[in-house]
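In the numbering used here, the protein residues as written are 583 to 1507.
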């Protein structure tokens, strides 16, 4: 075989490039599947990505180094290539079950006295050691192919261009494998079968290599070995250090860009896949560019110096492009539709924009390795040159990834990290220039030029003011940033809007706030437990849910949160909202991974409450899978309850049903409760029963009536009206839903495609045929008051669900759905509050639109159905007064008013109307 341009016959060239592409695709398919499966061990996607990436790159580098040293001694390198691909495929095929079985390592470490964190990292270390085997075999593949190609007698130029072409093709295959696994295979096939798919690609590559090996064996003796003399530049050495710095910059900047983009693009699986694919395509482009530059350099008197100058130009160009990434992200922050398209993974336009942003700088950084290999080729054979420099490059990549994620971002932030890597790239460019004979790069002039260029790059990079500027471009007017933290896991922020509502944000989306929507997840499951003494909360948010749990007489409450930034900002800015929860005796805050905590704890809990991120968030499936519920059941005390948040938004009907099915595979006895948009799935081992007497008694004994009144749940029938499905209704509703497991985490893929869609009403309509009557689950001895409460709860629930199932703009029908319950269940505070909020919003909207007659009709209608609605009376009186219909205004206000905000407003309005009437009477006609 000759150079891929002419030295290899057409069919042979196609077969060889096909094998190399398939090998690259298989590697990325393995990497994606391993990352997802390791994430179920830690339930931290960022940790899993860091661990798998470090092992993957280390294995590739080690394998390349070993193969490069041995390649010359092999009689048939393509046969060796086929063997390592087959061996890697076999090991990779067994990896998913082994990752799942690695829990035994953690359990063994714990049994020997290791603490929870030490046991977890012992497990991760064992996994890393195993995964190092197939990745080392994969790393050996390219040096073996290079050796086989070079034996056909290539000159330095053609050999270097051949290596660039192989590197580009392998990376193109990797990009294809990334897209295939990230968009299709993991969701459709699951992780185990996805690795089998990758193994199939590797076996196909081996088959192609074997065919080429047979042709090569039939073709006679290889060409004589080329005598290689060291060139002036190559003899000076330092190439492996340059390759290592290039790797450090390349992967470090990828980590930083991923973090910067996470500020504006929702953290979905598709967003991560698209970023990785864009970088890989950039690397392939860089290798192709290097191939062209190598041809030009070999036409100059000193090719090695010319190659060094081109490498320096690439490093310098990359640095200048780094400088403008922050500004491009700010532009993206002002394009919400483009953000949504990137997150959902469904837009070629969005993919193209991301490619234009990330591929050019990635290409310039990636071009450095083949250019450095071309320089080294002057003194060593291609396989050896490539192996040494590739190993150095991957070592630098591992260091760059770790340094960016765990040192630079927490210390310097995203803007500072981007600037630091920019400066390092400029420094690499000047080092290469100084070694290539460019005198201007040396001495004082060189240092001054370096400083000027570095400053020119840093200025625009820092002027943008990341990350605050990104958020300020996205926040609503009147919202201010109270605090911000850039950590190893994520960026966390606290904001306060014009109404005084505080929210905590993780990366690009807010996850919890002080609007009062978190209490039901704490109260409902706790009221189903007779005597809750020890509770566990996973995923902290603002702490309001766990504060509600603690009010039920909990003696020990363990709160587990994986993100240090969330812990810090929640305790600082939400102390008032959560009642200073973390200052209370018996409350223990753990900075830990939720699933790792479950596996490690020896305690048993009466109540386990979860509030994960939304279903579209990457890694969320780990807290909704069947295996997770098995781990939760193992720590549940007799009579205990596991409470899971089931949002009725953010994912489609089938995905919502799948969330329930996974839980009920482990806990058949379950009930679903609905507080507006938030579902609460209460899971228990004992048979489910709905006991209004017991619930009412627990409310009184625990002193919760005033607390529940904040959400209008102080009446027993209102609290019971949140119940929608028991075991029978759940059986019917979830029938046919797919099973969500650690192996098949399809939830976050499907949910990401639903971004931007209103799924609340479709989910509501899906449960409507299966709604259970509360009376169905009453204890056999229940009679009298409990049955009356259950009957009233049914009427209340029917009214509320009927109103919620209608579109927002159909206010007339929504009000009509609530009005019968106002008459039939006058004790319901919940229906009354819902009705009042609806009609007041409806009428005031009509007033703002200038439709005063319609607004008047709505106020009069509201007062006919709810005479105690003081706000409607005051608003109607004001409406009449603005129309100078003072007598009508006075008639509306002519009633006794209780002290309070509404009463005070009514009295002020009445005084104003009286004064206006007197003025009108006194005015001369």
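Just so you know, even glycine gets a beta-carbon here, dropped at the ideal spot from N, CA and C.
Keep in mind it's a predicted model, so treat the numbers as computed, not measured.
| Asked | Found |
| --- | --- |
| As assigned by DSSP and simplified to three states, the class of residue 1173 | strand |
| CA nearest to the CA of residue 720, picked from 942, 601 and 1221 | 601 |
| For residue 1261, the first and last residue of its enclosing beta strand (DSSP E) | 1260-1266 |
| Proximal residues to residue 758 (C-beta, below 6 Å), its chain only, five neighbours per side dropped | 607 |
| For residue 571: DSSP bridge partner residues | What is shown of the chain runs 583 to 1507, which leaves residue 571 out entirely. |
| Rounded separation between residue 1303 and residue 1492 - CA only | 39 Å |
| Start-to-end residues for the beta strand (DSSP E) that takes in residue 1222 | 1218-1229 |
| Cα-Cα separation, residue 1147 to residue 1488 | 47 Å |
| Secondary structure of residue 623, DSSP reduced to three states | helix |
| Coarse secondary structure for residue 1233, derived from DSSP in three states | coil |
| Under the three-state DSSP convention, the category residue 811 falls into | In this prediction, residue 811 has a pLDDT of 41, which is less than 50 and means its spatial position is unreliable; nothing more can be read from the coordinates. |
| Continuous alpha helix (DSSP H) assignments of at least 4 residues falling wholly in the segment 1149-1199 | 1176-1182 |
| Residues of its chain near residue 1166, where Cβ-Cβ distance is below 7 Å and the 5 sequence neighbours each way are ignored | 1132 |
| Contact set for residue 792: own chain, Cβ-Cβ below 6 Å, skip 5 residues either direction | 664 |
| Alpha carbon of residue 939 to alpha carbon of residue 741, nearest angstrom | 32 Å |
| For residue 1242 and residue 1211, believed in contact at Cβ under 8 Å, the rounded distance | Actually they do not touch by this definition, with Cβ atoms about 11 Å apart. |
| Pair within 7 Å by beta-carbon distance, residue 691 and residue 701 | yes |
| Between the CA atoms of residue 1201 and residue 1093 - distance to the nearest angstrom | 15 Å |
| Whole runs of the beta strand (DSSP E) within the segment 1381-1419, excluding any shorter than 3 residues | none |
| Alpha-carbon spacing of residue 1296 relative to residue 1404, whole angstroms | 17 Å |
| Close Cβ partners of residue 615 (< 6 Å) along its chain, the five nearest in sequence each way excluded | 773, 776 and 777 |
| Test item: CB-CB of residue 653 and residue 965 under 7 Å | yes |
| For residue 1425 and residue 1447, the rounded distance between their alpha carbons | 15 Å |
| Residue 1217 beta carbon less than 7 Å from that of residue 1180 | yes |
| Residues that DSSP places opposite residue 1075 in a beta bridge | 1066 and 1087 |
| Residue environment, residue 1310, which counts as buried when at least 16 other CB atoms sit within 10 Å | exposed |
| Helix, strand or coil at residue 592 according to DSSP, with G and I counted as helix | helix |
| Proximity of residue 1089 and residue 1073 at Cβ, strictly below 7 Å | yes |
| Unbroken alpha helix (DSSP H) run spanning residue 831, endpoints | 821-844 |
| Alpha-carbon spacing of residue 1071 relative to residue 629, whole angstroms | 8 Å |
| Per-residue DSSP class, three states only, for residue 1289 | helix |
| Inside the segment 897-959 only - alpha helix (DSSP H) runs reaching at least 4 residues | 918-926, 930-948 and 950-958 |
| Distance between residue 875 and residue 705 (C-alpha atoms, nearest Å) | 46 Å |
| Cut-off 6 Å between Cβ atoms - residues of its own chain near residue 1326, not counting five sequence neighbours on either side | 772 |
| Per-residue DSSP class, three states only, for residue 1143 | strand |
| Those residues which DSSP pairs with residue 1257 across a bridge | 1260 |
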